[in-house]
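Take 115 as the starting number for the sequence shown in the working numbering and just add one per residue.
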Amino acid sequence: MPCAQIEFFVVFLENRNNAYTMATIRHDWSLDEIRAIYSSPVLELMYRAATVHREHHATGEVQVCTLLSIKTGGCPEDCSYCPQAARYNTGVKVHKLLDAKVVLDAAQKAKNAGATRFCMGAAWREVRENRDFDKVLDMVRGVSDLGMEVCCTLGMLNDDQAVKLKEAGLYAYNHNLDTSEEFYDDIITTRTYKDRLKTISSINNANISVCSGGIIGMGETDEDRIGMLYTLATLPIHPESVPVNALVPVEGTPLAEQPRVSVWEMVRMIATARILIPNAMVRLSAGREMMTTEDQALCFMAGANSIFSGDTLLTTPNPDFKKDMDMFKLLGLSPRQAYKNENANNCGHDHDHQHNHEEQLLSVQA
Ligand code: SF4
Numbered sequence: 115m116p117c118a119q120i121e122f123f124v125v126f127l128e129n130r131n132n133a134y135t136m137a138t139i140r141h142d143w144s145l146d147e148i149r150a151i152y153s154s155p156v157l158e159l160m161y162r163a164a165t166v167h168r169e170h171h172a173t174g175e176v177q178v179c180t181l182l183s184i185k186t187g188g189c190p191e192d193c194s195y196c197p198q199a200a201r202y203n204t205g206v207k208v209h210k211l212l213d214a215k216v217v218l219d220a221a222q223k224a225k226n227a228g229a230t231r232f233c234m235g236a237a238w239r240e241v242r243e244n245r246d247f248d249k250v251l252d253m254v255r256g257v258s259d260l261g262m263e264v265c266c267t268l269g270m271l272n273d274d275q276a277v278k279l280k281e282a283g284l285y286a287y288n289h290n291l292d293t294s295e296e297f298y299d300d301i302i303t304t305r306t307y308k309d310r311l312k313t314i315s316s317i318n319n320a321n322i323s324v325c326s327g328g329i330i331g332m333g334e335t336d337e338d339r340i341g342m343l344y345t346l347a348t349l350p351i352h353p354e355s356v357p358v359n360a361l362v363p364v365e366g367t368p369l370a371e372q373p374r375v376s377v378w379e380m381v382r383m384i385a386t387a388r389i390l391i392p393n394a395m396v397r398l399s400a401g402r403e404m405m406t407t408e409d410q411a412l413c414f415m416a417g418a419n420s421i422f423s424g425d426t427l428l429t430t431p432n433p434d435f436k437k438d439m440d441m442f443k444l445l446g447l448s449p450r451q452a453y454k455n456e457n458a459n460n461c462g463h464d465h466d467h468q469h470n471h472e473e474q475l476l477s478v479q480a
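Take a look at the structure:
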């Protein structure tokens, strides 16, 4: 190849790499920038997200989490998508808080099957300081002692409660934004977006990793999806995990008749989240049961690196471990180790995520 052509080719590659390199973690994204990324041609978007993914994470590793409903149904909130809201007639079997032994047995089983993160969900509006909360603290201690990353999703909480969970060994707390601030009132009326952000702030203050994302397919517009990503990407501390859920319409809920989202909508959300929040575990969450292996492979290509595995996701169906491990084998993927068991270089880069979280927290508090 003549020299001029080689030079042109090198400059082309450098420009392309510069355009797609997101080495700096940014919290100052504008809505216009996010809109432009989200709206770009889907194959370009995937390529860019895959590039960012490879810069920030070990390729081929996917975090495997298990979610257990430790208290099901009877919730006083009115989340339009949720079969556990007491006001909707969905046939969900209500049960009170499980015994710690049942929970720890389930955690051990999940660990044996390859899960490294165990998430416990309770259908509560908020955490209350009572015997049930004490029992949850015991569960957190027990799961943490198994060497798993322990996560809870218990509704709203305050600073003191977050500190107690942290002291018990809680690694992460899930509190989804669900959608944009503008669309929030159409989905939930029993709490506000500000309530959501306040709980996220309490989690951060206690130095617990935040897991926060949303749901698509609830009747929101692209602008709402962009708005939710904007809120997440401009938080002073980025979430450590960003779950991207496709609505699983459940009979009896107000959203029962919503059409299913396409895989390309999931790909677009996942890829944009990956580009905006490069260090996050972007989780392909609810809705996976409806996806083919090919669909899921597209999502992994677009930057997803975390899944929930186990045959139920709170109350809706989910692929089981065996099916997921067969898919991993086919796609050349392997389960990611629990963070607390890895050294800083285990993922092939000179960072670890908890350390990042602490650094971000310090820089915000300074
Ligand atoms: S999503 Fe959570 S808070 Fe909302 S109704 Fe369901 S259990 Fe209650």
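The beta-carbon is built from N, C-alpha and C at its ideal position, and this holds for glycine as well.
Say yes only if the C-beta of residue i is nearer than 7 Å to one or more non-hydrogen atoms of the ligand SF4, and no if none qualify.
i    : result
G366 : no
C196 : yes
R402 : no
C193 : yes
A199 : yes
C189 : yes
G269 : yes
R239 : yes
Just verifying my parser: in three-state terms, what is the DSSP assignment at residue i?
i    : result
R481 : Here the chain has residues from 115 to 480 only, and residue 481 is not among them.
R231 : strand
E379 : helix
D300 : helix
V364 : coil
T313 : helix
L343 : helix
L445 : helix
I139 : coil
I384 : helix
P397 : Rather than Pro, the amino acid found at residue 397 in this sequence is Arg. Residue state, collapsed to three classes: strand.
V156 : helix
C206 : The question names Cys, yet the displayed sequence has Val at residue 206. It is coil, neither helix nor strand.
A286 : strand
F122 : Only weak support is given to the placement of F122: the predicted model assigns it a pLDDT of 42, under 50, and the question is left unresolved by the model.
I389 : helix
A321 : Residue identity check: residue 321 is Asn in the sequence provided, not Ala. It is coil, neither helix nor strand.
A200 : coil
I351 : coil
Out of the options, state which residue places its alpha-carbon closest to the alpha-carbon of residue i.
i    : options                   : result
E403 : C233, G366, M441 and P392 : M441
A320 : E295, L284, D292 and L369 : L284
T186 : C196, T180, V178 and C179 : C196
F232 : T138, V257, I148 and I302 : V257
T406 : E243, T386, V377 and C265 : V377
L445 : F422, F414, V358 and C265 : F414
G328 : P350, S316 and I301       : I301
V381 : T293, R140, R397 and H141 : R397
I139 : R168, D438 and I389       : I389
S183 : Q372, N393, K207 and M342 : K207
K249 : K278, K223, A227 and N272 : K278
S294 : E281, M342 and R149       : M342
Quick one: is the Cβ of residue i within less than 7 Å of any heavy atom of the ligand COA?
i    : result
R374 : Judged by which ligands are present, the ligand COA is missing from the structure shown, whose ligands are the ligand SF4.
Worksheet item: Can you list, in chain order, the stretches of the beta strand (DSSP E) that have 3 or more residues and sit fully within the stretch 165-189?
Response: 175-185
Worksheet item: Can you give, in chain order, each stretch of the alpha helix (DSSP H) that sits fully within the stretch 217-268 and has at least 4 residues?
Response: 245-259
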